Amino acid sequence: MTDAPPSQSHQPSDRTLPVQDPRLVPFLPLIYVAWSDGDLTPDEIREICRRIDQREDLDHDCRQALGRWLDPEKPPAAADLQRMLSVIRQYGDAPGSPSLADLGIELARLDQRVEGVERQALEEVEQALGLATREAARLLLADGRPKPEEAAERPAPAFDVEALAHLLDASHHQLRNEVRRLLGTEAFAYEPELDRRAYREKVLRLVKILADHGYGGLSFPTTTGGGGEMSAFIAVFETLAYGDLSVLVKFGVQFGLFGGSILQLGTEEHHRRYLADVASLELPGCFAMSETGHGSNVRDIETVARYDVASEAFIIHTPDPSARKDWIGNAALHGRLATVFAQLEIGAEEYGVHAFLVPIRDAQGQPLPGVEIKDCGHKLGLNGVDNGRLGFDQVSIPRANLLDRFASVAADGTYESPIPSAGKRFFTMLGTLVGGRVSVALAALSAAKSGLTIAVRYGDRRRQFGPAGEAEVRILDYLSHQRRLLPRLATTYALHFGLRHLARRYEESSDDDRREVETLAAGLKSYSSWHTIDTLQTCRECCGGKGYLTENRFATLKADTDVFATFEGDNTVLLQLVAKGLLSGYKRRFGEMNVFDMARYVAERAATGLAELNPVITRRSDEEHLRDRDFQLAALRWREEHLLGSVARRLKKRIDDGMDSFQAMIQVQDHLLKLALAHVERVLLEQFAAALEACEDEALREILTDVCDLFALARLEADRGWYLSQGYVEAGKSKAIRNLVNDLCRQLRPQAVPLVDAFAIPDEVLAAPIAT
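Per my numbering, the sequence shown starts with residue 285, numbered consecutively.
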């Protein structure tokens, strides 16, 4: 069909194109696209030929020539198509934004052999192609993709990033910065390929550095050389989670769990004797609660502590393999003293679970007589932590080694406790776990912040695909990419403010509200750790193959945080604890009402329900309404209240029918979990809204309002099936919520990098080449 096209410097003087049959000249772009578009089937090409045959303005020879070139049984050679493309690109120069027909007419105009061309014939074929032909024409004329204009970088942030970082840090800003700088030093450099032995020794050295800086004893009393400030310890722990999580966990085991158990369960004598050495790491220790056969069920652990009156000692014993203390951090190599939880027995009486200090190694690191220590071995993650199994064979410890803040045993075996109820005493002692759950929730969120910072920065830098003839597009400009990252970023901000609230409540809690704080900690720990696991997987996928490289940290982050779903309590079990706490409050609320109060409360709830299910409200879908904070809060509160009442009725019906309460709980577990998650999301939105109210910087309040709206609406969208089934929203409103989530993603996209930069994670700490 064509000869090789001449170069521009040798264009023919008679203005003819290098095409043997001039009748084909105006059809060149259409013929090329018909064959180069792999989506056109033979039947579709035959349809194009049929339309050409019907054109009376094309002579017989022209139709035959076109038919030969569009014969699906005899496609043109690749070389012919390439020469055709060269001709089009060399001579096709129609002004503006041409279609394929425009290009054909321009080619015909340039060739003096073509006497004329009927636009309608070209448009007929163009229509038969069924393509966006102007876009196809741009693609034809694009000779390579231009490089992006790197000078045209992202717009300036709409807010002061440093001011937002300061706001997020809240208290202890200077302390957090000190920890960030320390994590950025060479000693803490990311080394993912260390073997396990070297890794464990490195982690021990790093925890000793942290102890030497005084961070380990920040929560201990000043009388023991500590800082006397729990909030400072939590701030350090949260910030350490930007770095190596094995260091974080060993730090938490030594100072939070082991030291915290002595602090919370021991007396001043225990504090004086042990805490200074714990804080300096002169006394490495363990927190030995979990057992192989019981896991989260601490009440029924099997390890026994029998009091021997003759020797005034407790005899610690592991009766069978299922009673071994399992997954105990610091046990396999470094721990010398362990807080061991065991069932206290005095004579024939059983007093439930208590905590005892049990030496497990001598000064040379050798196991003591009667103590069995085994290494748990290689794990999915956190291999810098020496998890081990402990067993005890009639190990004798002094009576003074009972941590006796809440219960004591006299020399003659007399048991005393200021808490008469065994159940309340048990839960009071378990209160030591609350600090661990608060810390794990914060640490998990820090890991999510690291992953989001890497993925958002990479998405803003990485380019792929784009319009024909234009530079490739940043992948974060794609709505699908925004949809994957930005709602999770919004949830991360919501969790940040929710966990700050939890940390304050924990530090200020009294006996009166401790159970409420425990419930909140259980819910937020579960939500935060699951959010982190989900977010890190999504971030890894958003970084493609680069995210799969160990050097970019996702492999380590994913592996190290996976255990957070079961660490300090299995998330599913903890959410049931949350739901039971809500049911207890529901029962108390009604139990304290007289019949008139009850009637008034039910009437008020019914009136509220009717107002919120008013068709005008359920159908309203304008942006002003959907972004109204009162609407968002009302929707989450209504869901929680509705689920709470529903699960209470389900339980009551089963119990009234004679079912055991334990079995009734099992039958409604799915409902319990949904209720607990609804409760957590309501708390998160309330705390985010409270943080906005307290924010005095207008620019920060404006950007955080957009983030808060995205969080709230994304949660409503995620549960829109439930809201539709309950009649709380109608179909049009559900679609409007989805569309507004899209709009907010597009609106926040230019601020995505500044929003992750505000986490203030130094590049040296991120240690991910794709993000630095």
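Virtual Cβ for every residue (Gly too), placed ideally from N, Cα, C. Values in this document were obtained by computation on a predicted structure and should not be read as measured data.
- Assignment of aspartate 659 by DSSP, reduced to helix, strand and coil, places it in the strand class.
- If you draw a straight line from the Cα of isoleucine 950 to the Cα of glycine 577, it comes to about 21 Å.
- Collapsing the DSSP output to three states places glutamate 462 in a helix.
- Taking 4 residues as the minimum length, the alpha helix (DSSP H) runs contained wholly in the region 689-728 are 706-713, in order along the chain.
- Under the DSSP definition of a beta bridge, threonine 623 partners with Phe571 and Leu641.
- Exclusion of the five residues before and after glycine 569 leaves Phe542, Gly619 and Leu621 as the residues of its chain whose Cβ lies within less than 6 Å of its Cβ.
- Rounded to the nearest whole angstrom, the C-alpha separation of serine 320 and glycine 665 is 50 Å.
- Taking 8 Å as the cut-off, the Cβ atoms of leucine 459 and alanine 516 count as close.
- Annotated three-state conformation of phenylalanine 443 is coil, per DSSP.
- By the C-beta density criterion, glycine 649 is exposed, having fewer than 16 other C-beta atoms within 10 angstroms.
- The residue among Ala731, Ala728 and Lys708 with its C-alpha nearest the C-alpha of arginine 798 is Lys708.
- Of the residues assessed, histidine 497 falls on the exposed side of the cut-off, its CB having fewer than 16 other CB atoms within 10 angstroms.
- By a beta-carbon distance limit of 8 Å, alanine 725 does not contact lysine 658. Their separation comes to about 30 Å.
- Here alanine 998 is actually not in contact with valine 1040; their C-beta atoms are around 17 Å apart, not less than 8 Å.
- Leucine 1050 counts as buried, since no fewer than 16 other beta carbons sit within 10 angstroms of its beta carbon.
- In this structure the region 950-960 does not touch the region 761-769; the number of beta carbon pairs closer than 8 Å is below three.
- Residue state for glycine 675 is assigned as strand, using DSSP reduced to three classes.
- Counting C-beta atoms within 10 angstroms of its own C-beta, phenylalanine 539 has 16 or more neighbours from the protein chains shown and is therefore classed as buried.
- Phenylalanine 710 and valine 637 have their C-alpha atoms roughly 7 Å apart.
- DSSP places tyrosine 832 inside the alpha helix (DSSP H), whose first and last residues are 828-832.
- Inter-segment contact for the region 362-382 and the region 305-313 is present: three or more beta-carbon pairs are separated by less than 8 Å.
- Contact between aspartate 528 and glycine 668 holds: CB atoms are separated by about 7 Å, below the 8 Å threshold.
- The Cβ neighbour count for proline 476, taken over all protein chains shown within 10 Å, is under 16; the residue is labelled exposed.
- By the Cβ-count criterion, asparagine 581 is exposed, with fewer than 16 other Cβ atoms from all chains shown falling within 10 Å of its own Cβ.
- The residue among Arg335, Leu448, Arg464 and His456 with its C-alpha nearest the C-alpha of glutamate 410 is Arg335.
- In the structure shown, the three-state DSSP call for alanine 632 is coil.
- About 22 Å separates the CB atoms of leucine 384 and alanine 361; that is not less than 8 Å, and the two are not in contact.
- Taking each of Asp854, Ala731 and Val317 in turn and checking the Cα distance to serine 574, the smallest one comes out for Asp854.
- DSSP places isoleucine 600 in the uninterrupted beta strand (DSSP E) bounded by 597-601.
- Here the alpha carbon of tyrosine 811 sits roughly 32 Å from the alpha carbon of threonine 587.
- The criterion of a C-beta distance shorter than 8 Å is satisfied by phenylalanine 640 and phenylalanine 598.
- If you ignore the 5 residues before and after cysteine 827, its C-beta comes within less than 6 Å of the C-beta of Ala739 and Tyr742, all in its own chain and listed in chain order.
- Tyrosine 832 counts as exposed, since fewer than 16 other beta carbons sit within 10 angstroms of its beta carbon.
- In the structure shown, tyrosine 1007 falls within a helical segment according to DSSP collapsed to helix, strand and coil.
- In the displayed model, tyrosine 591 falls within a strand according to three-state DSSP.
- For aspartate 610, the enclosing beta strand (DSSP E) covers residues 609-612.
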